[in-house]
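Let me begin by presenting the structure, written as structure tokens, before commenting on it.
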Amino acid sequence: MAKIIVRQYKSIVGRPADQRKVVAALGLGRIGKTKELEDTPSVRGMVAKVSHIVEIVEK
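The letter at position 39 of the sequence shown is residue 42 when you use our numbering, and the numbering goes up by one with no holes.
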């Protein structure tokens, strides 16, 4: 299956608890941290929910 690279580019300080949990579930938590994840609908949905905090990095 295809992979995507997700990078956190904004802080989660002051964000609602549900958004913090989504960022943690993606394996992120600090600005600049990247993670390579499977490109599944569930991962895409989590990225969409916190799209103002994380971004998909092109390879």
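Here a beta-carbon is modelled for each residue, glycine too, at the ideal position from N, C-alpha and C. Values in this document were obtained by computation on a predicted structure and should not be read as measured data.
Classification of residue i by the beta-carbon crowding that lies within 10 angstroms, buried from 16 upward
i: Ile8; result: exposed
i: Met4; result: exposed
Beta-carbon gap between residue i and residue j smaller than 9 Å
i: Leu29; j: Val46; result: yes
Straight-line gap, residue i to residue j (C-alpha atoms, nearest Å)
i: Ala20; j: Glu39; result: 23 Å
i: Lys13; j: Ile34; result: 6 Å
i: Gln22; j: Lys52; result: 8 Å
i: Ser54; j: Lys36; result: 15 Å
i: Asp42; j: Ile59; result: 11 Å
i: Gly48; j: Arg18; result: 18 Å
i: Ile56; j: Val26; result: 8 Å
Selection from the options that minimises the alpha carbon distance to residue i
i: Leu31; options: Val50, Gly48, Asp42, Gln11; result: Gln11
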